[in-house]
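Each step along the sequence shown adds one to the number in UniProt numbering, with nothing skipped, and position 92 is 92.
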Amino acid sequence: MVRAESINIAKNLVAQGKTAGEIWSFFSSFDPETLDLYWKTPRRNITEFIETCAKTLPLQQPVVDVGCGERSYKPEITDALGLDVHYIALDHWIRNSCVNRSRLLNLVGKAENIPLLDESAGTVICSEVLEHVNDDQKTVREMYRILKAEGRLVLTLPGRDIPKHEKLPYQIDYRRYGLGQTREILSNCGFLDIQINEKYLWELQINILVVAKK
């Protein structure tokens, strides 16, 4: 009964626009067990998805991680493709708090204006980023632009029942995406062979996981 009540409360709080911090504060005393799963499962799904893509798809190099923040996927990609993988981690600002040097970015730039040449990337990873950019259409076009022919985009988006994650003023959470909307924006920017999956935790949609091809 407590978990069912927690799920309904979580849905309502997200619909009201409550932030992750606000929801955390509410649930930490009310139902910490459900809260722990609600927080950890989406990230675990993302990591497993990217690891699976790296191990099962013929990903080309260089691998460009757009909007990597403090959590680039270089260790996961290196584990799958080898230590000599050409990996470029890009974000729009450098965080001094990053303690894991293996995950640190090595290129500064905006997702809407990626500082790389046309067709210079074999694979683009964009994880939990598109909802934070001002112009999502331009960002998707930029990722398409830098990809080589036959290159792949590995994209993750928060599900509709994931609360806003913001680190103001650097990270604003603008939107959530439906499955049809996700397919449309990718198709409109030229992507083909678009494969979209969603992940649920109970009745909560927590992940949208995408692979698309140029």
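Think of the CB as a built atom: it goes at the ideal place given N, C-alpha and C, for glycine as much as any other residue.
C-alpha of lysine 74 to C-alpha of tyrosine 87: approximately 7 Å in a straight line. Alanine 15 sits exposed, since fewer than 16 C-beta atoms from the chains shown fall within 10 Å of its C-beta. Between the beta-carbon of threonine 123 and that of glycine 151 there is about 6 Å, and that keeps the pair under the 8 Å contact cut. It is roughly 12 Å from the alpha-carbon of arginine 175 to the alpha-carbon of glutamate 166. The Cβ-Cβ distance between isoleucine 208 and leucine 157 falls below 7 Å.
With respect to the 7 Å criterion, aspartate 136 and glutamine 205 are not classified as neighbours on the basis of their beta carbons. If you check the CB distance, valine 210 and leucine 130 do not come in under 7 Å. When DSSP reads this structure, glutamine 195 sits in a beta bridge with Val211. Straight-line spacing of the CA atoms in glutamine 195 and alanine 212 works out to 6 Å. Taking the Cα positions, lysine 18 is about 24 Å away from cysteine 126.
It is roughly 14 Å from the alpha-carbon of cysteine 68 to the alpha-carbon of arginine 43. In the three-state DSSP reduction, isoleucine 172 falls in the coil class, being neither helix nor strand. Cβ-Cβ distances below 6 Å link leucine 186 to Ile194, Ala212 in the same chain, with the five nearest sequence neighbours on each side left out; the list follows chain order.
Closest in alpha carbon position to glutamate 128, among Lys138, Asn8, Ile172, is Ile172. Membership of cysteine 126 in the beta strand (DSSP E) is indicated by the continuous run 121-127.
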